[in-house]
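Numbering (the UniProt record's numbering), first residue to last: 1 to 256.
Here's the structure we're looking at; comments come further down.
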Ligand code: ZN
């Protein structure tokens with residue numbers, strides 16, 4: 001069914017009004033408008049850097065050097081990034097009681113920075129690093145300092161162990177607690193926004209499918225098609241910042 005943009009916006013707002021349990025599931029696409037590069041897009045990170053897997057990081061000093069070299073190059077982009085209209089709209093929806101959770105595949109922390117309180121991070125976050133041996137935590141600023149002063153294979157100042165960012169690497173299992181919570185939320189929700197994700201990474205991509213199987217309505221906001229578009233009630237092929245701002249404007253203007 002091809003309905004006009006404005007009809008889709010108002011239909012989405014009706015669904016928000018009806019739903020007692022709405023959530024958002026977000027991926028890299030929501031943060032590209034904040035200047036955080038996507039991995040898979042033509043200008044994405046994978047074109048500029050090789051992927052260092054979890055296994056390599058643990059056993060191979062050269063791979064760790066390679067990883068931290070990439071990090072050193074990107075860290076300023078990370079520090080400078082600010083939430084965009086899409087993040088801000090989701091925060092406002094939560095504040096107004098229309099959004100229970102944001103489940104995110106992103107590690108950039110922009111949802112929290114925008115003001116969302118209930119955020120589930122499936123791939124960890126880059127706010128810090130941790131020693132794999134003694135579990136001493138190193139905040140981002142400290143890592144930044146170490147990257148400037150140390151050899152690139154960062155080592156714990158207490159025990160000499162390998163320091164690893166608190167992000168989930170390729171080949172590393174997802175944090176069980178977060179994944180379980182996300183699945184439970186997907187089971188319960190009545191409405192799920194799927195924003196900026198190509199749904200190619202499992203098991204994260206199973207979250208919208210669980211919601212669909214349990215009768216939730218899904219709103220997809222993506223620049224490109226995904227192979228799961230058929231489970232969506234409404235699809236926007238558009239900028240997430242624009243669509244979510246338009247939705248929020250309607251909600252603000254009405255008496256909900
Ligand atoms: Zn240590």
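The beta carbon of each residue, even a glycine, is placed where N, CA and C say it ideally should be.
Computed from a prediction, not measured in an experiment: that's the story for all the values here.
In this structure, 191 is the residue among 153, 191 and 60 with its C-alpha nearest to the C-alpha of residue 11. For residue 153, the distance from the CB to the nearest heavy atom of the ligand ZN is not below 8 Å. Taking a contact to require three or more Cβ pairs closer than 8 Å, the segment 17 to 27 and the segment 77 to 85 do not qualify as touching. By the Cβ neighbour-count rule, residue 143 is buried, with 16 or more other Cβ atoms within 10 Å of its own. With contacts defined as CB atoms closer than 9 Å, residue 35 and residue 195 fail to qualify as a contacting pair. Annotation note: the segment 95 to 174 contains the following uninterrupted alpha helix (DSSP H) runs of length 4 or greater, listed N- to C-terminal: 110 to 114 and 140 to 149. Using a C-beta cut-off of 8 Å, the segment 111 to 119 makes contact with the segment 90 to 98, since at least three inter-stretch Cβ pairs fall below that distance. Residue pairing from DSSP places residue 24 in a beta bridge opposite 102 and 193.
For residue 222, the secondary structure class from DSSP, reduced to helix, strand or coil, is strand. Per the Cβ contact rule, the segment 147 to 163 is in contact with the segment 64 to 71 (3 or more Cβ pairs under 8 Å). Straight-line spacing of the CA atoms in residue 14 and residue 8 works out to 10 Å. Around the beta-carbon of residue 59, fewer than 16 other beta-carbon atoms lie within 10 Å, marking it exposed.
Annotation: the continuous alpha helix (DSSP H) that includes residue 210 extends over 206 to 213.
Boundaries of the alpha helix (DSSP H) harbouring residue 67: 61 to 80, taken from the DSSP string. Spatial neighbours of residue 146 in its own chain (CB-CB distance under 7 Å, excluding positions within 5 residues in sequence) are listed in chain order as 154.
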